[in-house]
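Peer 1: In terms of the numbering used here, the sequence shown is residues 15 to 145. Heads up, the beta-carbon is just placed ideally off N, CA and C, and yes, glycines get one too. Here the structure is a predicted model, which is why all the values come from computation and not from measurement. Handing you this structure, nothing more for now.
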Amino acid sequence: MAAKPETRLIERVHRALSAHVYREKTANPYRGGTPDCYYERAHNNILWVEYKYKPTQGRRILWDEAVTKLCSPKQKLWLERADDNGVPVAVITGFNDKTISITTPSDPECLGLLFDTRGCADWIERYDGTY
């Protein structure tokens, strides 16, 4: 059985990450709402990411659209609760033209920018919750 597009997106990004970034795919049917991946970088810098895939041309997606239109109610609740508690979270959306949109609640207007796979991996490695 072929991997789903969202799984292929995650695998592509994980292959582009440097070895010093700990990554764990957390998707599991018993964890309702838990984001797809957990990342740990230098200095105890963590990030939870919910990945989405849209079979369209790449475009900028802002936080409100990401959590209300792409995420399930449980995912929205999980991401908003974590953000309220100071835990860095993001929604990364991949498109069929291999562009990637990243958005976070801490800076919903600035992000939503489009990246390629390498740019997305670089962002994950650099992000410190303050963009």
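Can you give, in chain order, each stretch of the alpha helix (DSSP H) that sits fully within the segment 82-122 and has at least 4 residues?
Peer 2: Within the segment 82-122, the complete alpha helix (DSSP H) runs of at least 4 residues are 87-98.
Peer 1: Can you name, in chain order, every residue of its own chain whose Cβ lies under 8 Å from the Cβ of residue 128, other than the five neighbours on each side?
Peer 2: Counting only Cβ-Cβ distances below 8 Å, and skipping sequence neighbours, we find 72, 73, 74, 113, 114, 115.
Peer 1: Report buried or exposed for residue 88, applying the criterion of at least 16 other Cβ atoms within 10 angstroms of its Cβ.
Peer 2: Burial call: exposed.
Peer 1: Closer than 8 Å is the cut-off here; do at least three beta carbon pairs connect the segment 51-65 with the segment 97-111?
Peer 2: The segment 51-65 vs the segment 97-111: in contact.
Peer 1: Just tell me which of 34, 24, 30 has its CA closest to the CA of residue 55.
Peer 2: Comparing Cα-Cα distances from residue 55 to each of 34, 24, 30, the minimum goes to 34.
Peer 1: How would you write the range of the alpha helix (DSSP H) that residue 23 sits in, first residue to last?
Peer 2: Note, residue 23: alpha helix (DSSP H), 19-30.
Peer 1: Straight-line CA distance for residue 47 to residue 85?
Peer 2: For residue 47 and residue 85, the distance between alpha carbons rounds to 9 Å.
Peer 1: Report the rounded CA-to-CA distance for residue 27 versus residue 135, giving the unit in angstroms.
Peer 2: Approximately 6 Å between the Cα atoms of the pair.
Peer 1: Among the residues of its own chain, which have a CB less than 7 Å from the CB of residue 29, if the five just before and after it don't count?
Peer 2: Once the five neighbours on either side are set aside, residue 29 has no close Cβ partner at all.
Peer 1: Just confirm the distance between the C-beta atoms of residue 49 and residue 93, as a whole number of angstroms; I'd bet it's less than 8 Å.
Peer 2: With 8 Å as the limit, residue 49 and residue 93 qualify as a contact, their Cβ atoms being about 7 Å apart.
Peer 1: Suppose you measure from the CA of residue 137 to the CA of residue 31; what does that come to, to the nearest Å?
Peer 2: Those two C-alpha atoms are separated by around 10 Å.
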